[in-house]
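**Student:**
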Amino acid sequence: MKSFKYSSATDAANAVRTVSANQTAKFLAGGTNLIDLMKEYVERPTELVDISYLNLAQIRLTSKGISIGALAKNTDTANHALVRQNYPLLSMAILAGASAQLRNMATNGGNLMQRTRCQYFYDIAMPCNKREPGSGCGALQGLNRIHAIFGYSDKCVATYPGDMANALYALDAVVRIRGTNGQERTIPIQDFHRLPGDTPEKDHNLGHGELIVAIEMPKNNFADKSYYLKVRDRASYAFAMLAVAAALETRGNNIKQARVVLGSVAHKPWRSAEAERVLIGKPATEETFRAAAEAALKDAKPLEHNGYKVELGKRAIALALQRAMTGGVA
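Anchor point for the sequence shown: position 265 equals 265 in UniProt numbering, and the numbering is continuous, going up by one each time.
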């Protein structure tokens, strides 16, 4: 491993100043997968600023909903009464991720910042525009079974691997950021991650040195009818081939509001406006759910080895919506 400087931050302002002053410095917190990437020589920071001991772990009520600290552990977040009662979709998504041991260490902010699990990104002997801009995309014409079917470019076909963010997209979360000028700003979660375009090395819209301090969840009417479905090669400790975060608000048997977000199909969680348009105002029936699923996958562009994601996505959306209607009961 390349040598680096290490320090433990005592306050957020100091952490931001330290990282922003060094273009090759990184924040260190649980869930980022940064240490794994350093071991593989994919990431090579010259300085790590450990933010683990900052006072950013509170989960509390606000006038608009709840605020979840960036350094709250995934396990504590998923099992917190405020989250379980009001945002069960978020609890389900977090508990679908990784293993219990990793969830005990991973932070919410770190989870958002984790990087792709594309094998070409991890293998420094292979070309990867995300790791080395201009080198090419090995996955585009290579083994691309786990890769994108939406929103990719000829520069990158990698997918975002997390589960928590899929639920946050469905719940209209907002990310609160401490800027390098000492001021705070917010980013709607839909604008937090980026599609690859011509700059696949940029995963998100944070500036260098900006620090996530909280995730804010607005009030919603999805608590009774939501479900997170994760499809993977094995039942535990595996990243998704495809995931669905589904949430419904109904009036009688008609759908008043709907959220459908697909995971592991794009460079960021993929919210399907097409599926939601089909659902709103329609009866909550299997026929409606199948029509929404067809609409969601209509514009998918599979690669050579991941065409299975189209049919899998249709079935997964319909099933997730059915289970949302029954409160998660099959």
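Think of the CB as a built atom: it goes at the ideal place given N, C-alpha and C, for glycine as much as any other residue. None of these values were measured; they are calculated from a predicted model.
What residue does the alpha helix (DSSP H) around Thr-250 start on, and which one ends it?
**Tutor:** Not the alpha helix (DSSP H): Thr-250 falls in the beta strand (DSSP E), residues 240–251.
**Student:** Expressed to the nearest angstrom, what Euclidean distance is found between the alpha-carbon atoms of Ile-68 and Met-164?
**Tutor:** When rounded, the distance between both Cα atoms is 13 Å.
**Student:** Counting beta carbon pairs with one atom in the region 194–201 and one in the region 298–308, are three or more of them shorter than 8 Å?
**Tutor:** As far as the Cβ criterion goes, the region 298–308 does not touch the region 194–201, which means the pair count is below three.
**Student:** Taking Gly-281 as the reference, which of Lys-256, Glu-274, Thr-288 has the closest Cα?
**Tutor:** Lys-256
**Student:** Are the region 8–26 and the region 86–95 in contact at 8 Å, needing three or more beta carbon pairs?
**Tutor:** Taking 8 Å as the limit for Cβ pairs, the verdict is that the region 86–95 does not touch the region 8–26.
**Student:** Secondary structure at Tyr-160, three-state DSSP: helix, strand or coil?
**Tutor:** Secondary structure of Tyr-160 (DSSP, three-state): coil.
**Student:** Could you tell me whether the Cβ of His-267 comes closer than 7 Å to any Cβ of chain B?
**Tutor:** In the displayed structure, chain B is absent; only one protein chain is listed.
**Student:** Can you tell me the Cα-Cα spacing of Thr-159 and Ile-149, whole angstroms?
**Tutor:** 9 Å
**Student:** How would you write the range of the beta strand (DSSP E) that Thr-186 sits in, first residue to last?
**Tutor:** 184–188
**Student:** DSSP on Glu-47, reduced to helix/strand/coil?
**Tutor:** strand
**Student:** Per DSSP, Glu-216 is paired with what?
**Tutor:** In the DSSP assignment, the residues bridged to Glu-216 are Ser-67, Val-174.
**Student:** Starting from residue 338, follow its DSSP beta bridges and name the residues at the other end.
**Tutor:** Lying outside 1 to 330, the shown extent of the chain, residue 338 is not represented and no answer is given.
**Student:** Quick check on this structure: which residue in Tyr-227, Thr-326, Ala-246, Asn-104 has the alpha carbon closest to the alpha carbon of Gly-31?
**Tutor:** Asn-104
**Student:** Bridge partners of Ile-255, per DSSP?
**Tutor:** Thr-250
**Student:** Find the nearest neighbour of His-305 within the set Leu-140, Ala-223, Ala-167, judged by alpha-carbon distance.
**Tutor:** Leu-140
**Student:** From this set, Pro-218, Met-113, Ala-291, which residue's C-alpha is nearest Lys-64's C-alpha?
**Tutor:** Pro-218
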